[in-house]
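Right, one structure below, let's go through it.
Structural data, given as structure tokens:
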């Protein structure tokens with residue numbers, strides 16, 4: 036949504052350049068715009084849908100993501116290969132957020148206890164499922180060459196998709212992340 | 125960072141002698157096998173040695189000798205070599221599986237058996253520089269703090285869990301440890317080697333400051349014995365056990381002749397389940413017996429505020445490990 040304001044401001048600058056020519060010396064052209072999510076009557080956003088299959092070990096509380104499918108509308112892709120990698124990487128991070136990563140602090144001193152790659156329990160390659168990425172390249176006529184956002188789009192949906200898959204498997208809604216072994220065993224006890 | 129002297133001893137006795145000399149001069153000493161954990165501890169200022177005695181260059185400290193009476197393994201063998209050793213994989217499976225469950229390939233390539241057995245705890249208070257019992261202080265911060273991964277057995281005054289995967293395997297295999305000091309060698313049963321915090325809260329084992337774990341001896345198992353190491357982890361690699369089980373079962377026609385079951389991740393030492401072992405001996409392994417074994421396994425558990433989940437996890441892991449071993453052909 037912020038992107039629409041950037042585009043609008045950039046168009047304003049282009050109009051100023053067309054009217055007054057390129058700035059010279061210390062001359063500066065200024066343009067500003069506010070985000071307008073429903074610009075021209077349409078919602079201009081990146082859309083996505085995630086599908087997740089999990090295995091839950093009901094004795095030991097473990098969750099293993101066995102298959103993951105994503106569908107994203109990120110507008111026209113400038114670089115399809117890196118766009119795919121961006122989504123795959125985001126999914127792995129999202130799975131870590133859903134299942135493991137927890138920033139714990141010592142309550143008396145405020146010092147973080149689970150910092151670093153070991154302590155934060157980020158997923159390893161061994162934890163990464165097959166992630167299928169499908170793009171729908173819609174052009175809403177606004178972004179440059181029809182491009183939209185891709186950066187964080189892939190991570191936001193993960194905890195919900197993983198949580199829903201776990202609900203489907205064990206019948207209990209998990210309302211806090213990370214959905215640890217302790218929480219799974221607690222839900223099943 | 126302070127200057128650190130490196131010492132390269134000829135053999136383990138020389139290493140122990142160097143350690144005693146340095147200590148007599150008031151210098152802090154650390155032994156390094158692979159040094160993978162020590163380097164991190166020095167960087168995090170958890171260990172501040174003046175002298176690092178580098179054992180990695182000692183010849184012959186990584187030998188494996190297999191005979192009819194059992195197995196002798198040099199403490200300096202890498203975890204990778206231990207996990208890949210054919211005779212070990214076949215006859216002492218629990219140790220090979222434990223070795224290959226440690227850390228990552230990079231860590232296993234340099235990390236040694238002795239280093240894994242003697243590694244310092246991975247409690248997040250100790251590793252984050254809190255002045256706890258393990259760092260020479262006089263409190264355990266986990267008791268009133270975050271204790272999700274802490275001990276449910278044998279805790280107090282410190283509630284760390286023993287971090288080694290190979291240690292429960294060695295206790296399950298009834299290993300004896302040969303220890304080299306400046307004045308000579310001594311031998312301890314694995315069960316005697318690991319010490320509870322109530323004996324000395326600053327330490328995890330009986331090693332003196334100038335002693336090293338030289339060799340591990342494992343008596344031969346009967347041909348009808350089978351063993352395995354099961355490790356519950358928060359991710360598939362590069363982490364310590366939440367709970368682990370090392371099991372050795374001697375089976376004859378569906379009947380368990382004898383059993384050894386030892387847990388990791390639940391106590392400040394590898395936690396041997398002698399009552400479960402007694403329960404299984406001479407019995408046919410049935411689901412009812414497994415249920416009983418699970419109950420007996422956790423009978424003495426005393427969870428802290430946030431680690432009660434380890435109780436059902438331990439019960440289920442013990443059942444699963446024994447069930448899997450007894451069903452094996």
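Residue numbers (our numbering), protein chains in the order written: chain W, 36 to 224; chain S, 125 to 453. Where is the CB? At the ideal position from N, CA and C, for every residue including glycine.
Quick one, which of the options has its alpha-carbon nearest residue i's?
i	options	result
residue 263(S)	281(S), 274(S), 275(S)	281(S)
residue 164(S)	250(S), 212(S), 237(S)	250(S)
residue 216(S)	337(S), 346(S), 339(S), 391(S)	346(S)
residue 181(W)	122(W), 113(W), 138(W)	113(W)
residue 357(S)	388(S), 340(S), 330(S), 203(S)	388(S)
residue 286(S)	450(S), 396(S), 445(S), 302(S)	396(S)
residue 151(S)	160(S), 158(S), 127(S)	127(S)
residue 178(S)	329(S), 336(S), 284(S)	336(S)
residue 142(W)	230(S), 374(S), 300(S), 266(S)	266(S)
residue 138(W)	132(W), 130(W), 149(W)	149(W)
residue 155(S)	304(S), 311(S), 452(S), 210(S)	304(S)
residue 309(S)	328(S), 332(S), 259(S), 291(S)	332(S)
residue 325(S)	294(S), 284(S), 360(S)	284(S)
residue 433(S)	43(W), 76(W), 93(W), 71(W)	93(W)
residue 191(W)	41(W), 170(W), 129(W)	129(W)
If you reduce the DSSP assignment to three classes, tell me which class residue i lands in.
i	result
residue 246(S)	coil
residue 145(W)	coil
residue 83(W)	strand
residue 120(W)	helix
residue 240(S)	helix
residue 209(W)	coil
residue 305(S)	strand
residue 4(W)	Since the first and last residues shown for chain W are 36 and 224, residue 4(W) lies out of range.
residue 276(S)	coil
residue 77(W)	coil
residue 63(W)	coil
residue 289(S)	coil
residue 216(S)	coil
residue 207(S)	helix
residue 257(S)	helix
residue 430(S)	coil
residue 189(S)	strand
residue 224(W)	coil
residue 40(W)	helix
residue 388(S)	strand
residue 48(W)	helix
Quick one: is residue i near chain S, going by C-beta distance under 7 Å?
i	result
residue 95(W)	yes
residue 222(W)	no
residue 161(W)	yes
residue 227(W)	Only positions 36 to 224 of chain W appear in this structure, which leaves residue 227(W) out of reach.
residue 200(W)	no
residue 211(W)	no
residue 249(W)	No answer is possible for residue 249(W): the residues shown for chain W start at 36 and end at 224.
residue 217(W)	yes
residue 148(W)	yes
To which residues of the same chain is residue i closer than 6 Å at the C-beta, ignoring the five residues directly before and after it?
i	result
residue 183(W)	81, 109, 110
residue 134(W)	98, 213, 214
residue 261(S)	255
residue 338(S)	136, 199, 302, 304
Contact criterion: CB-CB distance below 7 Å. Does residue i meet it with respect to chain W?
i	result
residue 358(S)	yes
residue 448(S)	no
residue 216(S)	no
residue 332(S)	no
residue 481(S)	Any property of residue 481(S) remains undetermined from this structure, which presents chain S solely from 125 to 453.
residue 436(S)	yes
residue 433(S)	yes
residue 262(S)	no
residue 233(S)	no
residue 255(S)	no
residue 252(S)	yes
residue 240(S)	no
residue 361(S)	yes
Report all residues from its chain with a CB closer than 8 Å to the CB of residue i; omit the five preceding and five following residues, and keep chain order.
i	result
residue 193(S)	343, 344
residue 182(S)	133, 134, 135, 136, 139, 200
residue 124(W)	189
residue 64(W)	48, 51, 52, 55, 58
residue 257(S)	263, 264, 281, 282, 321, 325, 326
For residue i, which residues of its own chain have a beta-carbon under 7 Å away from its beta-carbon, when the five flanking residues on both sides are left out?
i	result
residue 91(W)	98, 201, 204, 205, 219
residue 95(W)	216
residue 102(W)	88, 164, 165
residue 130(S)	176, 178
Does any CB atom of chain A fall closer than 7 Å to the CB of residue i?
i	result
residue 395(S)	Given the protein chain composition of this structure (W and S), no chain A is represented.
Subject >> Runs of beta strand (DSSP E) wholly within the stretch 150 to 203 of chain W (minimum 3 residues, chain order) >> reply: 165 to 170
Subject >> 3 or more residues per run - each beta strand (DSSP E) lying fully within the stretch 334 to 375 of chain S >> reply: Here the runs fully enclosed are 336 to 343, 349 to 356.
**OP:** Could you pull out every unbroken beta strand (DSSP E) segment of at least 3 residues lying fully inside the stretch 126 to 174 of chain S, listed in chain order?
**Re:** Counting whole runs of 3 or more residues, the stretch 126 to 174 of chain S contains the beta strand (DSSP E) stretches 129 to 131, 153 to 156.
Original post:
Which runs of the alpha helix (DSSP H) fall wholly inside the stretch 391 to 441 of chain S and span at least 4 residues, in chain order?
Top reply: 398 to 404, 411 to 421
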